[in-house]
Amino acid sequence: MLSRRTLFAAAASGIAATAVSRTALANLPDPVYSPGPKTAPPPQPSSGRPFNPVVTLNGWSAPWRMNGDWKEFHLVAEPVVRELAPGMKANLWGYNGSSPGPTIEAVEGDKVRLFVTNKLPEHTTIHWHGQLLPSGMDGVGGLSQPHIKPGETYVYEFQLRKSGTFMYHPHADEMVQMAMGLMGMFIVHPRDPNQYRVDRDFVFLMSAYDIDPGAATPKVAEMLNFNLWTWNSRVFPGIDSLPVRLGDRVRIRFGNLTMTNHPIHLHGYHFSVTGTDGGWVPPSARWPEVTIDAPVGAMRAFEFDADAPGDWAFHCHKSHHTMNAMGHDVPTMIGVDHRGMTKRLVSLIPDYMTMGERGMADMGEMEMPLPDNTLPMMSGSGPFGPLEMGGMFTVVKVREGLARGDYRDPGWYRNPPGTVAYKLNASSINAAPQPPKPTHNH
Amino acid sequence: MLSRRTLFAAAASGIAATAVSRTALANLPDPVYSPGPKTAPPPQPSSGRPFNPVVTLNGWSAPWRMNGDWKEFHLVAEPVVRELAPGMKANLWGYNGSSPGPTIEAVEGDKVRLFVTNKLPEHTTIHWHGQLLPSGMDGVGGLSQPHIKPGETYVYEFQLRKSGTFMYHPHADEMVQMAMGLMGMFIVHPRDPNQYRVDRDFVFLMSAYDIDPGAATPKVAEMLNFNLWTWNSRVFPGIDSLPVRLGDRVRIRFGNLTMTNHPIHLHGYHFSVTGTDGGWVPPSARWPEVTIDAPVGAMRAFEFDADAPGDWAFHCHKSHHTMNAMGHDVPTMIGVDHRGMTKRLVSLIPDYMTMGERGMADMGEMEMPLPDNTLPMMSGSGPFGPLEMGGMFTVVKVREGLARGDYRDPGWYRNPPGTVAYKLNASSINAAPQPPKPTHNH
Amino acid sequence: MLSRRTLFAAAASGIAATAVSRTALANLPDPVYSPGPKTAPPPQPSSGRPFNPVVTLNGWSAPWRMNGDWKEFHLVAEPVVRELAPGMKANLWGYNGSSPGPTIEAVEGDKVRLFVTNKLPEHTTIHWHGQLLPSGMDGVGGLSQPHIKPGETYVYEFQLRKSGTFMYHPHADEMVQMAMGLMGMFIVHPRDPNQYRVDRDFVFLMSAYDIDPGAATPKVAEMLNFNLWTWNSRVFPGIDSLPVRLGDRVRIRFGNLTMTNHPIHLHGYHFSVTGTDGGWVPPSARWPEVTIDAPVGAMRAFEFDADAPGDWAFHCHKSHHTMNAMGHDVPTMIGVDHRGMTKRLVSLIPDYMTMGERGMADMGEMEMPLPDNTLPMMSGSGPFGPLEMGGMFTVVKVREGLARGDYRDPGWYRNPPGTVAYKLNASSINAAPQPPKPTHNH
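Protein chains in written order, with the working numbering: chain B, 1 to 442; chain G, 443 to 884; chain H, 885 to 1326.
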């Protein structure tokens, strides 16, 4: 037990220090480590072909070096400690200090060389999901290459044939390694930076974990009953908002590496899916949508013109995916013991209600005594009180005053008078016109 | 316990009487209450812009009053008792006496004013899913407005910018309130009544409940293992059929507020999705389908020309969604004790079959001793015997003789001779031609 | 118990012998029985309209006889024994000796007569999913016809109105009969053999089973927690590869009769869905894809030009669907007891890792003592070692040398030098250029 805890502690501290010995791997590109779980603002590329960089929600993009014609990246697979939201850290597996690993950004036509060093306790590989490449670079352990053993470094080289939205993840002990958070995004920009150009381009990956309340390490044999549904290994209120300037053309791209569909819903806008991990969707084939059902092992990009100012909820529409660990195993509070009692009561009194006497909304406001390293089920608060959300939830904030390159959270929006739902009180009721008879009553 | 039961009893009786004190809310539009769980025939609108009304399956449309330019509706959120099918009633939460609440129908360009009175035991809000509106009218508790406390009335006002298929539901303690059935449809008709015109236009909402056999109140912390899969909070054989006149252009629209996809399958026709909650699908983007996979938090409208007479099954294609409560907890009949025994037997005799000696079809015919207020798992009967269905199943009945405005169940269809599957008996076998050798056998 | 085992033993041996008494059903077409679980190469049709036959993955096509204008098939529903992969046989229900039953192939415009003999222990029917036919031929027990009782033979007759990808399955005691594997594909070829022509045309059906380790008969009341995810009732490494000649136009069609979506992912190619069970998707409506989310009760056909040689993984992207029975109930090896211990440990030591000390990859190589008739969870091996896969996984093998009609497994592909990921060793690291400072580090 102790050795396991020590291993993770070492991994965690290794993020700040240098986890790869420069002596041993002298001529590889220096692996660069995660700057932390906040959204990193996108810098312009300083070498290679020009492109308009994406913003990785609660993530960052991998630096590279040019080596002749080749754009070189160095990924280090290793145990990491990831803050899921303030108050909870998880022992995950990631790349270069974070789960997900850094977003790889390159340009159509680029030749990329990807060094992959395995610092995990078991073998791994990387599959470049969606890329058109030679079969021997496809990263399927046993099929396209031998597995990368702990301590080894492998090299992948291929030319990027098409722009689009892709991802990378292991194809080795897959269920375990993805259940531990080992994955990242791979964006290929068009050769012409004006093609498919937008003003804001956000990306994230969806993953799910099953972590018992009070624990920090996911159970890896889980199939359906995950209890933490994340965007880039973050849960609300740990997910940053998406700040957008009024009038911007906005693209949001996401991939799904959980075990179930996620119907991703944006309030306030009608939009279209414009891309998948197979390329760009032709305009004739686009559907108007408010909810995109993202399949497992697939990616979607959607776009809209940000013409409606305000704070717009953006979330998975499966309501248990916008909650944190349901705490079925937190014995004396919400969970098991109470339900055991309920079950016995129901057999005696059929109509006994299996929940709080008045619903669960109180939980959004309650300070419950949770085990250490456990998040509340429903959390976060907005300008008007508790949001009662967790998991896959955040807010797209559309603002008139925002600057072009500004990705800081602009705070909450106050709607102009007359565009806000309002409470009737005694006087406003009296002031309202007399009700005529309803026009039809059936 | 008793107080809980009393509360529901009061709510139930309140449907018949008047649940809102006219003195207290003198100048609000009079809330109108559900006429019951049968499909209400659609009356033509008597005020406001003209439109072709929809038919809500096992539901009804909300009346309104015109107040100057404004079309005013009054929704009252409250506990309701809903008959899921004859023989079982559930304690749900709904609007104006029913779950789902009444369908709201209005016209593109209409200014709507929606009064929402909270008579639930906890706070709520209403989110107008899919509508383009000011952020402050979006109904996300804590984000766009303060929650509506019990006893309070809130007012939402906005202009309807696009025609289409939308819904309304709480954005407050969401998992609980939707697990209790609090939701409704919102249809915006095109400004020109001839645009997108069809002859029959049906709508319904899908919801799921987890109610222990013998109980009446859903368990609200359920995530996956629901046992009652409903259309408009009804299960087969409680779902009305969809009567259609031969040759009619038919549209069916539905929304999904459960926690999983529903692949909705219609027999006998190939059709196309023509609309979502984001608008109308352009003809160039339409796929031919027989099954529409409805995502959670999304709506689909599909259309077809009813050129094939007959009784056509219409159902979710997940077979456990066309069954009622599986009764895993009904100890001495289908469920747990037997399976416990089976498990032990399997360890001794691997090939022991974990079901009835001859499948489960007998259940469609059996009269099993079920607990009070519990439906059979497989039920209903047609012209040729037991249908062995429950849950999300009904029949589209296409008839030559049906009148244009007739929505009564036309009864079962008898196919003309020669278009019916027939049983071979001794004489018909003998009359059949001698079998040649099979043309190829591989 | 014994009688049940005897029944299945009899059924199994009955496949080799003749299960239908020729005396009793003298004038029906002779039912032809499965040639076994290997992929049968497609013979050209020797009677009726010409067509380009499909290849059923680990399956076969039903022979027919012409009887005047009518193309006659004879399906016999009965218990069968199916090898899921070498080392495990399951007691299923199928048609003509196999589960799935034989693929029915016919041509647009054909008049088909389908004799269905019920040799199951309970009643059944056949629904011709996706076909446009008279209501009385639709096969919904109780609604379109009386159920077919054990021992009876029914006859369905209809003309095939549209080409496309369809299936057949019971519409009687549906959950049980599909959980037992009773289903098959039904391909209607276009009247003009050059329309929609491809060089390779593969088909398969997806089904799922819940079979306890050491048992052979599925549990039929399962709703979500299946443990064997199959293509044509086969699991990897029992699923044949798909051999394709370099440059071929390839179509792969599949149907889903499980209880959940399957995101089917092909490596190395971008492709489009070209058909559903509702017909052919017009080019204007096609999306580029690498993963097709196949809904339940639906079929998809996709196409691509096989321009990239190699061994391309082809699988469901839900990672627990590419594993065989997870063995939660195999007490002393992977499963329950260990986890019970873990749960107790987690309450004491929160960071204790709920899996092997170093992940699960060892399992791909381990020889574990499994109960008889149980497959390893992760299995198969390729040219570079263990593949660590099970369930819905196989390989599309694109080869230059393959002959037009050759469907034999061409073995593993060796990529040319320079197109293979390679391991860095001390000397190659030293030979690499000195790393410049990373171009940007954020």
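Where a beta carbon is used, it is the ideal one built from N, C-alpha and C, also for glycine. Owing to the predicted nature of the structure, the values given are computational and were not obtained by experimental measurement.
Where residue i falls: helix, strand or coil (DSSP)
i: H127 (chain B); result: strand
i: G255 (chain B); result: strand
i: A519 (chain G); result: strand
i: M834 (chain G); result: coil
i: T1037 (chain H); result: strand
i: A403 (chain B); result: coil
i: T1206 (chain H); result: helix
i: K865 (chain G); result: strand
i: Q159 (chain B); result: strand
i: M1062 (chain H); result: helix
i: G578 (chain G); result: helix
i: A40 (chain B); result: coil
i: S1125 (chain H); result: coil
i: W1097 (chain H); result: A small correction: the amino acid at residue 1097 (chain H) is Pro; Trp does not occupy that position in the sequence shown. Here P1097 (chain H) sits in coil by DSSP.
i: P283 (chain B); result: helix
i: A62 (chain B); result: coil
i: A614 (chain G); result: coil
i: A1190 (chain H); result: coil
Other residues of its chain near residue i: CB distance less than 6 Å, five sequence neighbours each side excluded
i: R245 (chain B); result: L402
i: S241 (chain B); result: T394, V395, K397, D409
i: R906 (chain H); result: Reliability fails at R906 (chain H), whose pLDDT of 40 lies under 50, so the model's placement of it is uncertain and the value that follows must be treated cautiously. Excluding residues within five positions, none has a Cβ falling inside 6 Å.
i: Y1297 (chain H); result: G1194, D1195
Buried or exposed (CB count within 10 angstroms, at least 16 for buried), residue i
i: L110 (chain B); result: Inspection of the sequence shows that residue 110 (chain B) is occupied by Asp rather than by Leu. Classification for D110 (chain B): buried.
i: K561 (chain G); result: buried
i: Q637 (chain G); result: exposed
i: R404 (chain B); result: exposed
i: Q928 (chain H); result: exposed
i: K318 (chain B); result: buried
Distance CB(residue i)-CB(residue j) smaller than 7 Å
i: F1198 (chain H); j: F1155 (chain H); result: no
i: E108 (chain B); j: L160 (chain B); result: yes
i: H958 (chain H); j: P915 (chain H); result: yes
i: N1194 (chain H); j: V1304 (chain H); result: The residue you asked about is not Asn; residue 1194 (chain H) is Gly in the sequence shown. No.
i: F646 (chain G); j: F696 (chain G); result: yes
i: P102 (chain B); j: S46 (chain B); result: no
i: G268 (chain B); j: A294 (chain B); result: no
Per DSSP, cross-strand counterpart(s) of residue i
i: G824 (chain G); result: G:G827
i: K661 (chain G); result: BP columns for K661 (chain G) are empty, so no partner.
i: D735 (chain G); result: G:P705
i: K561 (chain G); result: Bridge partners of K561 (chain G): none, in fact.
i: T103 (chain B); result: B:S61
i: T940 (chain H); result: H:V1087
Neighbourhood of residue i by C-beta distance below 7 Å, restricted to the same chain and skipping five residues each side
i: V198 (chain B); result: R249, V250, R251, E303
i: H763 (chain G); result: W671, H704, G833, M834
i: S577 (chain G); result: S586
i: Y864 (chain G); result: none
i: K591 (chain G); result: N560, H565
i: D652 (chain G); result: P660, K661, E664, N667, F668, N669
i: D643 (chain G); result: N494, V496, V497, R693
Neighbourhood of residue i by C-beta, 8 Å cutoff - its chain only, sequence neighbours within 5 removed
i: E289 (chain B); result: H270, F271, S272, V273, F302
Min CB distance residue i to chain A below 7 Å
i: E1272 (chain H); result: Among the protein chains in the structure shown, which are B, G and H, there is no chain A.
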